[in-house]
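K.L.:
Supplied in structure tokens, the structure appears directly below.
In my numbering, the protein residues as written are 2 to 504.
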């Protein structure tokens with residue numbers, strides 16, 4: 002983020018909050034949002050990431066509340082060498098105007114080349130793009146996908162979507178296949194070759210819904226219209242930790258993205274009406290639709306959410322839907338194009354090398370298991386210190402500790418395959434929006450001193466892989482905590498497996 006942008010936000014914060022006082026992250030975030038500061042305008046996926054990037058005057062303090070991590074924000078005085086003028090009543094409107102029109106007044110892409118052909122593309126970026134566009138890990142983009150990337154970059158360049166950071170790099174959001182994609186482009190320090198490197202890419206399909214439509218109080222658990230949706234759909238637990246609607250918000254964001262990929266968002270520009278099928282049902286099994294009206298000209302999002310409606314309610318939205326689309330009602334998202342991918346075959350072998358992907362995420366292992374493995378070396382260590390010591394110990398792949406954990410994992414995976422053979426519903430299908438692929442979850446129960454020896458500790462993410470000899474294999478991509486696993490699985494349907502529940 003540029004210094005002048007940080008200065009604007011600093012002035013806004015210090016006009017409201019005291020220096021060196023602790024404030025809940027939610028309070029700071031709401032105040033910034035209420036004053037038209039959106040992290041996405043500065044190409045951050047989350048407000049917390051944006052605040053962490055303002056270390057000159059913002060301190061982020063991690064705290065634990067009922068075993069869950071939260072943040073306090075502490076505002077410090079910022080001395081840049083010259084005094085920053087205070088905000089007065091006369092200047093506040095001028096400040097707000099400057100905050101909302103940065104992209105109009107400044108040409109952030111002036112120093113960037115107009116064409117992507119003048120920028121080196123990191124091979125890791127190509128691999129990530131291929132996974133997103135095709136679902137396959139490949140370091141070489143096809144000509145078709147190169148063309149998509151070129152056109153998206155040039156369109157973003159023309160519309161001044163790139164912002165220069167203090168490091169000299171540029172960050173901006175482009176649109177590929179209706180999906181927001183963040184690019185980071187850095188100057189090439191090597192005097193030879195092209196002057197720029199495309200070093201980093203982040204696919205953000207979760208932004209698609211809020212870019213399509215303005216949703217009032219989207220993140221406010223008390224005022225959000227998601228409360229209406231939660232009341233009319235069949236009852237289930239939509240919360241996670243202290244956010245009572247986290248699962249529902251995540252579900253709606255990525256369901257919209259899937260529907261957009263499938264071309265199932267219904268839009269009537271002439272009548273100013275749009276809608277989509279949420280995939281949720283009322284207690285009487287009626288489809289629930291999200292309905293929108295056209296936003297005012299020049300607004301950031303072209304549509305505004307008006308209501309969640311169903312046949313039989315007394316709103317006029319169903320009537321509007323019939324007037325616009327007749328009997329061609331919006332269809333729900335489809336995850337059954339290849340139904341065979343939803344069933345795990347215990348007879349198919351795993352590819353070698355999966356241990357690396359699991360151990361890379363040792364922080365998702367149960368803390369008690371790690372303590373038991375480190376034995377006396379874990380005494381008095383905090384959670385972070387314990388994980389750090391375990392990672393350091395596992396760098397030696399010849400050590401007894403490493404081989405002991407590998408043995409536990411191999412045994413747990415064999416047990417998981419037996420469970421699937423006994424009940425095929427043990428393997429839970431999930432949808433990964435960033436790669437637009439279907440994977441499967443298997444429960445892993447590690448052997449250590451715990452009350453219930455069959456209790457699931459985490460889930461492994463399994464993908465089907467086709468070898469060059471046309472034989473199918475499974476590869477383990479990563480592991481997920483049970484909370485992460487449930488949120489991802491709920492996109493397809495409410496899991497009915499006995500090991501994956503949202504309690």
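Glycine included, each C-beta is placed from N, C-alpha and C at the ideal position.
Small disclaimer: the values here were computed from a predicted structure and weren't measured.
1. Roughly how many whole angstroms lie between the Cα atoms of residue 160 and residue 173?
2. Just to confirm the assignment, what range does the beta strand (DSSP E) spanning residue 304 have?
3. So, at 7 Å on beta carbons, what are the nonlocal neighbours of residue 491 in its own chain, with the 5 sequence-adjacent residues on each side left out?
4. Using a Cβ-Cβ cut-off of 6 Å (strictly less than) and excluding sequence neighbours within five positions of residue 177, which residues of its own chain qualify?
5. Can you grab the Cα-Cα spacing for the pair residue 320 / residue 287, in whole Å?
6. From what residue to what residue does the beta strand (DSSP E) around residue 294 run?
7. Look up residue 38 in the DSSP assignment and say whether it is helix, strand or coil.
8. Looking only at its chain, what residues have a beta carbon closer than 6 Å to the beta carbon of residue 238, apart from the 5 residues adjacent to it on each side?
9. Output the residue ranges of the alpha helix (DSSP H) runs that lie fully inside the stretch 393 to 435 and measure 4 residues or longer, sorted by chain position.
10. At the level of alpha carbons, what is the spacing between residue 217 and residue 230?
11. Return the residue from the list 390, 200, 210 and 457 that minimises the CA-CA distance to residue 377.
12. Look at residue 1 and residue 75 and say whether their C-beta atoms are less than 8 Å apart.
13. Per DSSP, what kind of secondary structure is residue 465 in: helix, strand or coil?
14. Quick one: residues in its chain with C-beta nearer than 6 Å to the C-beta of residue 277, no 5 flanking neighbours on either side, listed in chain order?
15. Terminal residues of the continuous alpha helix (DSSP H) containing residue 165?
16. Please identify the residue among 196, 49, 19 and 279 whose C-alpha is closest to the C-alpha of residue 122.
17. Report the partner residues of residue 72 according to the DSSP bridge assignment.
18. If you follow the beta strand (DSSP E) that residue 147 is in, where does it begin and where does it stop?
19. Does DSSP put residue 493 in a helix, a strand or coil?
20. Confirm, please, whether the CB-CB distance from residue 459 to residue 483 is below 8 Å.
21. Which first and last residues belong to the beta strand (DSSP E) in which residue 125 is found?
22. Looking only at C-alpha atoms, which of 476, 456, 351 and 38 sits nearest to residue 446?
23. So which of 8, 147 and 185 has the shortest CA-CA distance to residue 162?
24. Rank 489, 481 and 2 by C-alpha distance to the C-alpha of residue 367 and give the top, closest one.
25. Buried or exposed: where does residue 412 fall if 16 or more other Cβ atoms within 10 Å of its Cβ makes it buried?
26. Which residues in the same chain as residue 325 place their Cβ atom closer than 6 Å to its Cβ, once the five residues preceding and following it in sequence are excluded?
27. When burial is assigned at 16 or more other CB atoms within 10 Å of the CB, is residue 16 buried or exposed?
28. From this set, 282, 215 and 232, which residue's C-alpha is nearest residue 254's C-alpha?
29. Alpha carbon to alpha carbon, how far is residue 8 from residue 84? Give it in angstroms, no decimals.
30. Going by DSSP in three states, residue 472 sits in which element: helix, strand or coil?
31. Let me know if residue 348 comes out buried or exposed under the rule of 16 or more other beta-carbons within 10 Å of its beta-carbon.
32. Just the C-alpha distance for residue 170 and residue 188, rounded to the nearest angstrom, thanks.
33. How many Å lie between residue 198 and residue 228 at the Cα?
34. For residue 318 and residue 310, I'd like the C-alpha separation in whole angstroms.
35. Can you list, in chain order, the stretches of the beta strand (DSSP E) that have 3 or more residues and sit fully within the stretch 432 to 460?
36. Could you tell me the distance, in whole angstroms, from the CA atom of residue 451 to the CA atom of residue 29?
P.N.:
In short, the structure shows the following:
1. If you take the alpha carbons of residue 160 and residue 173, they lie about 11 Å apart.
2. Where residue 304 is concerned, the enclosing beta strand (DSSP E) stretches over 304 to 310.
3. 248 and 252
4. 149 and 153
5. 16 Å
6. 288 to 295
7. coil
8. 503
9. 401 to 423
10. One C-alpha to the other measures close to 14 Å.
11. 390
12. Residue 1 falls outside the range modelled here, since the chain spans only 2 to 504, and no answer is possible.
13. strand
14. 260, 266, 291 and 331
15. Residue 165 -> not in any alpha helix (DSSP H); beta strand (DSSP E) instead, spanning 163 to 165.
16. 196
17. Residue 72 is bridged to 63.
18. Counting along the chain, residue 147 falls outside any beta strand (DSSP E), though it belongs to the alpha helix (DSSP H) covering 144 to 159.
19. coil
20. yes
21. Judged by DSSP secondary structure, residue 125 falls outside any beta strand (DSSP E) and instead within the alpha helix (DSSP H) spanning 124 to 135.
22. 456
23. 185
24. 481
25. exposed
26. 269, 272 and 274
27. exposed
28. 215
29. Since pLDDT at residue 84 reaches only 37, below the 50 mark, its modelled position is unreliable, and the value read off the structure follows with that caveat. Using only the alpha carbons, I get a separation of about 11 Å.
30. Annotated three-state conformation of residue 472 is coil, per DSSP.
31. exposed
32. 6 Å
33. 45 Å
34. 6 Å
35. 438 to 445
36. 40 Å
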